[in-house]
Structure formats: structure tokens, C-alpha cells
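Structure, as C-alpha cells:
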Amino acid sequence: MEGKSKYFGKDLITTQEWTKEELIETLELAEEMQQKRFSPEFTGILAYKSFLMFFYNSSVRTRQSFEIAATELGGHALFLEPSSMRLKTKDTAGETTEDAAGVMNRYGVGLGIRILEDKIAEYGQGDDLLREYAKYADIPIISMAHDRFHPCQGLADIMGYRKHLGKDLKGKTITHLWGHGALARSHCSVQESMLISSRMGMNVRVAHPKGYELDDEVLEWTKKNCAENGTSFELSNDPAETYDDADVVYSRNWMSTEAYSGGELHKQDEIEKALKYTDWICDEEKMKRSNNGLFSHPMPVDRSHEVTDEVASGDRSIILDIAENRLHVQKAVMALTMGE
Amino acid sequence: MEGKSKYFGKDLITTQEWTKEELIETLELAEEMQQKRFSPEFTGILAYKSFLMFFYNSSVRTRQSFEIAATELGGHALFLEPSSMRLKTKDTAGETTEDAAGVMNRYGVGLGIRILEDKIAEYGQGDDLLREYAKYADIPIISMAHDRFHPCQGLADIMGYRKHLGKDLKGKTITHLWGHGALARSHCSVQESMLISSRMGMNVRVAHPKGYELDDEVLEWTKKNCAENGTSFELSNDPAETYDDADVVYSRNWMSTEAYSGGELHKQDEIEKALKYTDWICDEEKMKRSNNGLFSHPMPVDRSHEVTDEVASGDRSIILDIAENRLHVQKAVMALTMGE
Amino acid sequence: MEGKSKYFGKDLITTQEWTKEELIETLELAEEMQQKRFSPEFTGILAYKSFLMFFYNSSVRTRQSFEIAATELGGHALFLEPSSMRLKTKDTAGETTEDAAGVMNRYGVGLGIRILEDKIAEYGQGDDLLREYAKYADIPIISMAHDRFHPCQGLADIMGYRKHLGKDLKGKTITHLWGHGALARSHCSVQESMLISSRMGMNVRVAHPKGYELDDEVLEWTKKNCAENGTSFELSNDPAETYDDADVVYSRNWMSTEAYSGGELHKQDEIEKALKYTDWICDEEKMKRSNNGLFSHPMPVDRSHEVTDEVASGDRSIILDIAENRLHVQKAVMALTMGE
Numbered sequence: 056m057e058g059k060s061k062y063f064g065k066d067l068i069t070t071q072e073w074t075k076e077e078l079i080e081t082l083e084l085a086e087e088m089q090q091k092r093f094s095p096e097f098t099g100i101l102a103y104k105s106f107l108m109f110f111y112n113s114s115v116r117t118r119q120s121f122e123i124a125a126t127e128l129g130g131h132a133l134f135l136e137p138s139s140m141r142l143k144t145k146d147t148a149g150e151t152t153e154d155a156a157g158v159m160n161r162y163g164v165g166l167g168i169r170i171l172e173d174k175i176a177e178y179g180q181g182d183d184l185l186r187e188y189a190k191y192a193d194i195p196i197i198s199m200a201h202d203r204f205h206p207c208q209g210l211a212d213i214m215g216y217r218k219h220l221g222k223d224l225k226g227k228t229i230t231h232l233w234g235h236g237a238l239a240r241s242h243c244s245v246q247e248s249m250l251i252s253s254r255m256g257m258n259v260r261v262a263h264p265k266g267y268e269l270d271d272e273v274l275e276w277t278k279k280n281c282a283e284n285g286t287s288f289e290l291s292n293d294p295a296e297t298y299d300d301a302d303v304v305y306s307r308n309w310m311s312t313e314a315y316s317g318g319e320l321h322k323q324d325e326i327e328k329a330l331k332y333t334d335w336i337c338d339e340e341k342m343k344r345s346n347n348g349l350f351s352h353p354m355p356v357d358r359s360h361e362v363t364d365e366v367a368s369g370d371r372s373i374i375l376d377i378a379e380n381r382l383h384v385q386k387a388v389m390a391l392t393m394g395e
Numbered sequence: 056m057e058g059k060s061k062y063f064g065k066d067l068i069t070t071q072e073w074t075k076e077e078l079i080e081t082l083e084l085a086e087e088m089q090q091k092r093f094s095p096e097f098t099g100i101l102a103y104k105s106f107l108m109f110f111y112n113s114s115v116r117t118r119q120s121f122e123i124a125a126t127e128l129g130g131h132a133l134f135l136e137p138s139s140m141r142l143k144t145k146d147t148a149g150e151t152t153e154d155a156a157g158v159m160n161r162y163g164v165g166l167g168i169r170i171l172e173d174k175i176a177e178y179g180q181g182d183d184l185l186r187e188y189a190k191y192a193d194i195p196i197i198s199m200a201h202d203r204f205h206p207c208q209g210l211a212d213i214m215g216y217r218k219h220l221g222k223d224l225k226g227k228t229i230t231h232l233w234g235h236g237a238l239a240r241s242h243c244s245v246q247e248s249m250l251i252s253s254r255m256g257m258n259v260r261v262a263h264p265k266g267y268e269l270d271d272e273v274l275e276w277t278k279k280n281c282a283e284n285g286t287s288f289e290l291s292n293d294p295a296e297t298y299d300d301a302d303v304v305y306s307r308n309w310m311s312t313e314a315y316s317g318g319e320l321h322k323q324d325e326i327e328k329a330l331k332y333t334d335w336i337c338d339e340e341k342m343k344r345s346n347n348g349l350f351s352h353p354m355p356v357d358r359s360h361e362v363t364d365e366v367a368s369g370d371r372s373i374i375l376d377i378a379e380n381r382l383h384v385q386k387a388v389m390a391l392t393m394g395e
Numbered sequence: 056m057e058g059k060s061k062y063f064g065k066d067l068i069t070t071q072e073w074t075k076e077e078l079i080e081t082l083e084l085a086e087e088m089q090q091k092r093f094s095p096e097f098t099g100i101l102a103y104k105s106f107l108m109f110f111y112n113s114s115v116r117t118r119q120s121f122e123i124a125a126t127e128l129g130g131h132a133l134f135l136e137p138s139s140m141r142l143k144t145k146d147t148a149g150e151t152t153e154d155a156a157g158v159m160n161r162y163g164v165g166l167g168i169r170i171l172e173d174k175i176a177e178y179g180q181g182d183d184l185l186r187e188y189a190k191y192a193d194i195p196i197i198s199m200a201h202d203r204f205h206p207c208q209g210l211a212d213i214m215g216y217r218k219h220l221g222k223d224l225k226g227k228t229i230t231h232l233w234g235h236g237a238l239a240r241s242h243c244s245v246q247e248s249m250l251i252s253s254r255m256g257m258n259v260r261v262a263h264p265k266g267y268e269l270d271d272e273v274l275e276w277t278k279k280n281c282a283e284n285g286t287s288f289e290l291s292n293d294p295a296e297t298y299d300d301a302d303v304v305y306s307r308n309w310m311s312t313e314a315y316s317g318g319e320l321h322k323q324d325e326i327e328k329a330l331k332y333t334d335w336i337c338d339e340e341k342m343k344r345s346n347n348g349l350f351s352h353p354m355p356v357d358r359s360h361e362v363t364d365e366v367a368s369g370d371r372s373i374i375l376d377i378a379e380n381r382l383h384v385q386k387a388v389m390a391l392t393m394g395e
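So this is what it looks like as C-alpha cells:
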């Protein structure tokens with residue numbers, strides 16, 4: 056870890072914008088960091104440096120894993136909640152993104168941003184905000200989950216599959232299933248998983264009820280990734296058939312295409328609608344159709360809706376490993392993009 | 056401080072669950088840490104490690120003393136407010152304690168929890184929550200004050216008495232007096248004090264108006280502790296008589312047995328009721344009946360209700376020493392249970 | 056940096072209360088710290104020590120710059136929001152300043168306080184609160200901006216002028232202009248600027264519409280400072296004439312003398328009134344009257360009200376340098392007053 060890496064200053068908004076080689080290098084560093092967690096090789100990388108975290112949305116895992124990642128690299132993460140800040144919005148006076156980013160360039164070594172569907176008026180505005188910061192900031196902008204993407208979750212997922220299925224994921228099959236539930240969740244985790252698993256050479260399947268279609272561009276990119284790897288991409292509206300022979304089963308709720316209307320998110324309507332699809336739960340019976348598949352989920356899990364306790368706490372569930380991986384991949388990303 | 060201690064991973068929910076020898080060892084380490092506050096012997100103990108703090112209730116002293124304790128051991132404490140987290144409650148979807156604890160095992164070296172009467176529907180539920188976390192967490196669960204107990208306050212109290220009365224407290228007398236006031240305070244501090252002072256061989260007295268009875272089990276344990284030490288335990292409803300010949304006078308408000316009804320805490324009613332008992336204040340006149348007694352209080356003090364300014368700021372008041380001790384005992388507890 | 060400096064334990068409530076020699080020494084240390092930002096000479100100064108920050112008002116810049124300053128000196132800053140604390144106010148039970156300060160003396164190495172006009176009932180109460188803490192605290196009290204003063208901003212401003220105009224500011228001219236706008240801002244930044252620029256030997260001008268008069272005592276002190284340096288002090292109600300031959304143009308909104316009535320701040324009325332003075336904006340045309348003047352502002356900037364984009368983002372704008380300087384001067388102040 057001597058000198059600035061070629062990654063220095065690089066933004067991470069989605070893994071789709073990094074090369075496959077960069078993603079593999081990041082995963083390998085994360086794996087090394089897991090094995091030698093508090094080694095002096097790593098604990099000085101961000102010594103006395105500060106990483107700024109903007110939480111437009113609160114979070115259990117993301118706050119802990121980023122704040123601890125900075126600590127374990129010898130640095131410090133600042134927990135900032137922009138709701139209590141005087142940043143300009145379209146209706147209020149305040150500081151522009153240009154000015155805010157201009158100062159942060161002088162203070163910190165990186166800026167993480169988390170902004171999900173309930174803090175924006177329309178799908179895509181969170182992604183726009185990150186790209187506006189990226190335009191004015193020299194320091195790297197790291198998505199800590201936003202409406203479209205969740206790159207650190209995607210890396211953590213793959214790190215889990217590499218551990219349990221072997222480092223070459225080529226030809227393995229992952230199926231993503233919509234789960235019914237009471238949380239009206241973001242599209243970001245599942246969309247990132249589709250992108251990065253297809254980049255890694257996996258066959259990718261997606262199943263959801265009608266009305267829960269995902270981002271068109273993400274679908275196009277995933278198809279393109281599969282085409283480049285000679286693997287298959289399949290879409291389905293059946294809650295069980297895509298389990299067949301799958302190596303990884305990913306079950307997660309996300310909100311419908313009708314979640315927004317009139318520039319507003321109708322969260323309660325979403326929850327009521329989603330709770331009706333009781334067939335859309337990952338259970339032992341469906342898992343039997345898989346190839347002794349791993350159960351994957353970005354946590355927190357909505358047990359008894361997205362998945363049964365039996366599966367979530369079962370032998371093939373790797374959710375705790377994946378949650379732990381968040382820490383390691385984020386340390387790797389921070390070391391590569393912010394370390395000198 | 057080499058290798059894992061026999062305390063490694065041990066929970067601290069009440070001092071009653073640690074042996075007397077363990078408590079004495081902890082106090083001795085705290086005293087050493089006070090004398091050599093920033094010694095390299097101690098500043099590396101939690102280097103690059105993270106302690107998670109869950110504040111269901113906010114706090115002046117506890118936040119500062121735990122966050123600074125982690126800092127002085129070379130580590131980092133995360134200030135987390137579960138009200139803004141997606142943890143499951145009986146009425147809402149969210150993450151289970153099993154899942155939350157499972158991930159924290161991977162991220163942190165310990166978990167502190169603070170949950171007082173106004174955040175629960177019934178006395179005892181805070182204690183239940185800590186024990187549920189303890190069931191699923193491998194890392195130590197440390198009470199940062201909860202409805203029943205406040206072990207770090209109890210240790211800080213005793214550290215103060217050891218300084219001012221000598222290390223052998225055997226046969227010394229402490230009296231706990233209810234104080235009138237406008238804060239409807241938790242039972243945790245006074246109950247912990249009764250338990251740990253009786254363990255240390257002190258004669259224990261408790262006085263309060265009728266209707267302010269304390270936890271039955273705590274009373275039983277205190278009597279048992281006194282019996283084992285051959286010391287006396289006395290209960291009274293008189294605001295003055297238990298001062299007689301006391302070496303330590305502890306005056307503090309706590310809420311009544313009627314504070315809860317219908318699964319709800321009636322804080323305003325409590326305050327109105329408590330303010331009527333104007334005799335229940337620790338003042339110079341009553342202090343004259345004591346054996347030149349020390350004035351003890353866990354702070355923050357409700358001056359002119361629980362105690363007069365004259366006593367609280369007087370020569371025999373050791374409240375600032377005790378507040379300072381919180382830092383040292385918490386460093387000792389963290390070093391013993393989380394250090395490697 | 057060996058041994059305690061003569062500054063050890065010194066409060067910083069306004070630069071007017073430090074000698075000119077002390078201010079110059081602080082600026083020189085800040086300049087050295089900027090050049091050698093992460094040098095081991097500085098990163099151990101507050102090792103394992105804690106700086107307490109009380110944010111009665113939230114802030115973008117001040118939080119980041121103080122928290123990062125502590126980090127870069129090897130220490131830790133605690134972000135505390137007293138609204139969620141049990142401190143005594145005139146109407147509620149709670150802890151007294153005496154008790155709160157007494158404990159903080161034992162825990163931390165310094166206490167920063169931010170309290171602006173909207174958190175007090177009358178102009179001057181913020182300053183009173185800092186002085187009450189200073190009375191009971193042995194550790195230094197550092198203003199992080201309060202109703203009357205903002206010493207760290209004043210030091211950052213001067214550090215910027217020293218960089219761009221040379222270290223000897225004697226005889227240079229600074230003009231402070233009220234800016235119209237929608238934020239009803241505090242008097243603290245402009246008042247501190249008047250005080251410190253006059254101390255440094257600059258000619259000082261102030262222009263504002265009638266009704267926006269500043270603190271009488273600050274005006275008297277500024278005149279006295281100018282008299283001692285043989286420089287000029289001018290007041291005006293014209294939005295353009297004070298630009299003539301100025302070396303520095305400082306444009307910033309502040310609230311009127313009628314902002315308070317009946318012990319209440321009428322923020323909305325202030326904003327409506329201020330927005331009518333559309334002549335009071337710093338633009339290219341007015342800047343042409345200056346001596347190729349620098350544009351100065353404490354940020355965040357209310358663009359298109361206080362100043363045009365053209366000026367704020369122009370070649371002569373040094374606002375980002377000044378914002379960066381906040382970090383360096385605060386590190387210098389903390390090192391001098393809290394380092395051992």
C-alpha cells in the first residue's frame with residue numbers, strides 16, 4: 056500500500072462503472088483485509104484522515120460498517136444528517152452543491168452519500184444528486200445506497216459467493232426473487248446484484264409479480280453483461296420456477312412501478328399492495344428445487360415475509376457472512392480510492 | 056494486559072451477577088487507570104476497535120463517559136439512537152434481535168445499551184431487552200443504565216467511597232433516601248447502589264415515602280448480601296432517622312409504584328405527586344445527624360429538590376469524584392471484557 | 056510543542072480578548088500546520104484526548120472543521136446537541152451549569168459552544184452562556200459561533216488576507232457590506248471581522264441600510280482599535296460607495312435591530328424585510344470600484360442575494376481558502392489552549 060493507487064480519487068456510484076479487473080482487485084484486497092483484520096499493514100492507511108458520510112436516510116448496517124471501516128483504517132468517519140444542514144434545495148435558500156463540495160474537497164478524503172426513495176420526489180433523483188456531487192468534488196463520491204445502485208452491497212454479495220462457491224463464479228446461476236413484505240424497499244440492492252453477478256459471469260434470473268418491473272437501463276446493462284460472458288438472462292413472473300438448479304437464491308422486497316405518482320412516494324399503499332402476494336416468500340419447499348442453493352439477502356431481513364425463519368437461519372444461509380463482508384469491501388474501496 | 060482475560064466476552068447487566076472478587080479487581084484496575092490516565096499501558100487496549108452504543112434514551116454523562124472511555128483506550132465508540140433504526144418491535148416489521156446481534160458480533164467488540172422507564176411499556180422490559188441481546192450476542196452486553204440496574208454507576212459510587220473512606224468498606228453505613236423533585240427518575244441507580252454496597256460489606260438503609268417501594272427482587276438480594284456479610288439492612292418511611300451515624304448519604308428521586316398503568320408511564324402525574332413531599336430533601340440540618348457523612352449522588356443533581364446547594368457544593372460532597380469515576384470504571388470494564 | 060504553552064486553558068470567546076501578539080502567533084502556527092498538514096509534529100498533540108462540542112445550533116462547516124481538527128491532532132471530538140440533554144433552563148428542572156462544567160473539567164480537554172440568535176430570547180444571551188461556562192470550567196471554552204462573536208471565523212478571514220495580500224495588512228482597506236437575502240443571519244461573523252481586521256491595522260468600513268445597526272460595544276471597540284493603529288473607521292448607508300479602493304470586500308446578510316421583540320426572534324419577518332433591499336448585492340460592477348479587491352465571505356454563501364455567481368466563483372473570490380483556513384486556525388487554537 057505505498058504511493059497513490061490508480062484508483063485514487065475514483066468515484067463508486069455503481070460497480071457497472073468499474074472494470075471487471077478493478078472489481079476483482081477490490082475483492083481480493085477485501086479478502087486479504089478480512090484474513091488480517093487489524094494488521095499494521097492496513098491500520099495506518101487513513102491515519103488522521105476524515106471520511107464524510109451524508110445520511111439523507113438513516114441506516115443500521117451502513118452507518119456501522121462505514122464508520123467502523125474508517126476506524127479500522129486508522130481514520131475517522133463523520134456522521135452527518137443533511138436534514139439538519141443548510142444545503143440549498145429547489146425551494147429554499149442555502150448552500151449550493153458546488154460550494155459544499157468545494158469545501159469538502161479541502162476537509163475530507165472522501166464523501167459517502169445515502170439517499171433512498173422516500174427522500175426524493177421521483178426515482179432517479181438520488182442518482183442525480185450523487186453525480187452532481189461527483190461533478191464538483193475532487194475527492195471520491197461513494198454510494199452508501201441510493202435509489203438506483205448499492206455498489207458496496209454488490210461487492211459484499213460477490214465476496215460471499217466467492218467464499219462459498221469458489222472464486223470462479225463463471226456459469227453459476229443466481230436467481231433474484233421479489234419478496235412480499237411490509238417495508239416498501241429500495242430497488243438499489245437487487246439492481247446492483249444483477250449488474251455485478253452478470254459481470255462476474257453468472258447466469259442471472261429475475262422473478263417478480265407484474266407491476267414490479269425494474270429499471271430499464273439496469274435490465275439492458277445486465278443483458279449486455281450476460282451476452283459478453285456468454286451466459287443467460289431470464290425474466291419471469293412465477294414465484295417458484297426460477298429456483299430450479301439455482302446456486303444462489305436472493306429474495307428481497309422492492310417497491311412497484313406505481314410507488315410514485317404526483318412527485319410523491321405512496322409508501323403505505325405500497326405496503327398494503329405488497330402484503331397480498333403471499334406466494335412470494337422463499338421457503339424450504341421452493342429451496343429444494345435449487346442446486347443446494349445458498350440463501351442471499353442484503354439484510355435487514357423481513358422474516359416471515361421475504362423468507363421463512365427456517366431458510367434465513369438455515370445451513371445454506373450466508374446472510375451474516377455477507378453483512379460482515381460490507382465492512383471488508385468498504386475498507387478495500389476506501390483504501391484504494393482514498394489512501395495514499 | 057496481555058492475552059485475553061478471564062472476563063473476555065462477559066456481560067455486565069448488574070454487578071450482582073459478577074463475583075465480589077471480579078468487582079474488586081475491576082475497581083483496582085479503574086484506580087490504576089485513574090492514576091496513569093494516558094499511559095501507553097492502556098491507550099492501545101482497544102486500538103482500532105469499535106464499541107457500539109445504543110441510546111434508546113439520551114444522556115449527558117453516560118454518552119460522554121463511554122465515548123471518552125473508548126477513545127482513551129485507543130478505540131472508537133459509535134453513538135447510535137435506535138429510534139431512528141429499523142429494529143423490529145412487536146407492532147412493526149423490522150430486524151429481529153437475533154439478526155441485529157448476529158451482525159454486531161462481526162463488527163464490534165462490545166455493545167452498550169441504555170433504555171429507561173419512559174421508553175418501555177412496563178417496568179422490567181428494558182432488562183428483558185438487554186438479556187435478549189445477551190442471548191444472541193457473543194460480544195459483551197454492557198448496561199449503560201436500564202430500568203432495573205446501572206452497574207457502571209454502582210462501581211463508580213464504590214470507587215468514590217474507597218477513596219474517601221478507605222478501601223475496606225466493611226461495617227460502614229450507607230443510607231439511601233428518596234428525594235422529592237421534578238424529574239420522575241429511574242430506579243436503576245439506587246437499586247444498583249443497594250446491591251453493590253451490600254456486597255462490599257456495608258450496612259444498608261433505604262428510606263422513602265409510602266408508595267415508592269423498590270423492586271422486590273433487589274430488596275431480597277440486598278438482604279441476602281447483608282446476611283452473608285453479617286451486616287444490617289433497614290427500611291424506613293422517615294425522611295430523617297436513617298441519617299443517624301451514616302458514613303454515606305445518598306439522596307435521589309425515583310418514580311412511584313403507580314408510575315405505570317395501562318402499559319403507559321404517567322410522568323407528569325409522577326412529577327406533581329413527588330413535588331408535594333417537601334420534607335424529603337437532604338439538607339445541612341439532617342446531615343448533622345450523620346457520621347460526618349459523605350454526600351453521594353449519581354448526577355445530574357436536581358438541586359433544591361433532592362438536595363440543597365449547601366450540601367451538594369459542600370466539603371463532604373463527592374459527586375464530582377463519582378462522576379469522574381464513571382470514566383475510569385468503564386475503561387476498566389471495557390478493557391477486561393473487550394481487550395485482547 | 057513541548058510542555059504546556061502560556062495559552063494552556065485560555066478561553067477564546069472573541070479575538071478582542073486576546074493580545075495582538077497572541078493572535079499573530081496563532082496565525083503563524085495555523086500557517087505552519089497548513090503546510091505540514093499531517094506531520095507527526097502535530098498528529099500527537101491531542102492523542103487520546105476528547106474535545107466536547109455543544110451544538111445548540113446545527114452547522115455545516117463548523118461541525119466538520121472542529122471534528123476534523125480534533126482528528127488531525129490525534130484526538131476525538133464529541134458531537135453533542137444540548138436540545139436532547141437534561142440541562143437546567145430557567146423554566147425546567149435539570150443540571151446547573153456549575154455541575155455540568157464541573158464534570159466536563161474531569162472528562163475533556165476543551166469545550167466548544169455554538170449558540171445563535173434563534174436559540175435565545177434576546178441578543179446577548181448566547182454570549183452570557185459562554186461566559187457562565189467559562190466561570191465554572193477550568194478547561195478552555197471556545198466559541199464555535201455565538202450571537203455576538205465568531206473568533207475562529209475571524210482568524211480564518213485574516214489568514215486568507217495574509218496569504219493573498221501579504222503578511223503585513225497595515226493600511227489595507229476592508230469594507231463590510233450588508234447583503235440582502237433569505238437567511239436572517241447572525242451578527243457574529245461580521246462583528247468578529249470588524250474587530251480582528253482593525254486589530255491587524257486595516258482601515259475598516261461598514262455599510263448597511265438603516266435599521267441594521269450593529270452591536271454598540273463592537274463599534275466602540277473597532278473605533279478604538281483603529282485609533283490605536285492610526286487607521287480609519289467609516290460607517291455608511293450606501294450600498295456602493297464603500298467599495299472605492301477597497302482591498303477586501305466582505306458581503307454578508309445579518310438581521311435587523313428589530314429582529315427581536317417580546318423576547319422572541321421574528322425570523323420570517325426579517326427575511327421578508329431583507330429581501331426588499333435588492334440593491335444590496337455584491338456584483339461585478341460594484342467590484343470594479345475596488346482596488347482589484349478580494350471577495351470574502353464566511354460561507355455558506357446565499358448566492359444571487361448576498362453576491363452574484365460571477366463574483367462568488369470569480370478569480371478574486373477567496374471563500375474556499377477561508378473555509379479551509381477554519382480547519383487550520385482551529386487546530387492551532389486547540390493545540391495552543393489544550394495541548395500539553
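Protein chains in written order, with my numbering: chain A, 56 to 395; chain B, 56 to 395; chain C, 56 to 395.
In this text, a Cβ means the ideal position worked out from N, Cα and C, and glycines have one as well.
All figures in this text were calculated on a predicted structure; none of them were measured in a lab.
Item, Value
"Min CB distance residue 95/A to chain B below 7 Å", "no"
"DSSP-derived helix/strand/coil call for residue 392/C", "helix"
"8 Å Cβ cut-off: residues of chain B touching residue 103/C", "93, 98, 126, 127, 129"
"Cut-off 6 Å between Cβ atoms - residues of its own chain near residue 254/C, not counting five sequence neighbours on either side", "75, 280"
"Of the residues 163/A, 307/A, 302/A, the one placed nearest residue 363/A, counting alpha carbons only", "307/A"
"Contact list for the stretch 163 to 175 of chain A against chain B, Cβ threshold 9 Å", "none"
"Sequence ranges, beta strand (DSSP E) only - wholly within the stretch 258 to 330 of chain C, length at least 3", "258 to 262, 288 to 291, 303 to 307"
"Coarse secondary structure for residue 139/A, derived from DSSP in three states", "Because residue 139/A sits at a pLDDT of 41, beneath the cut-off of 50, its placement in the model cannot be relied upon, and the point is left open."
"Length of the line joining the Cα atoms of residue 211/C and residue 115/C", "16 Å"
"Of the residues 237/B, 304/B, 263/B, the one placed nearest residue 215/B, counting alpha carbons only", "304/B"
"Residues of the stretch 173 to 194 of chain C with Cβ closer than 7 Å to any Cβ of chain B, in chain order", "none"
"Beta carbon proximity, residue 369/C to chain B, threshold 7 Å", "no"
"For residue 243/B and residue 273/B, the rounded distance between their alpha carbons", "10 Å"
"Closest by C-alpha distance to residue 170/C, when choosing among 163/C, 182/C, 160/C", "182/C"
"Length of the line joining the Cα atoms of residue 230/A and residue 251/A", "13 Å"
"Exposed unless 16 or more other CB atoms sit within 10 angstroms - verdict on residue 121/A", "buried"
"Residue burial classification, residue 323/A (beta-carbon count within 10 angstroms, cutoff 16)", "exposed"
"Contact list for the stretch 372 to 391 of chain C against chain B, Cβ threshold 7 Å", "none"
"Backbone secondary structure at residue 199/A - three-state DSSP", "strand"
"Collapsed DSSP secondary structure at residue 211/A in the structure displayed", "helix"
"Residue environment, residue 318/C, which counts as buried when at least 16 other CB atoms sit within 10 Å", "exposed"
"Residue 282/A burial status per 10 Å Cβ neighbour count (16 or more: buried)", "exposed"
"Segment contact, 8 Å Cβ cut-off, at least three pairs: the stretch 100 to 107 of chain C with the stretch 64 to 82 of chain C", "no"
"At least three beta-carbon pairs within less than 8 Å, the stretch 373 to 385 of chain B to the stretch 371 to 391 of chain A", "no"
"Alpha-carbon spacing of residue 97/B relative to residue 197/B, whole angstroms", "20 Å"
"Helix, strand or coil at residue 150/A [DSSP, three-state]", "strand"
"Enclosing beta strand (DSSP E) for residue 229/A [first to last residue]", "228 to 233"
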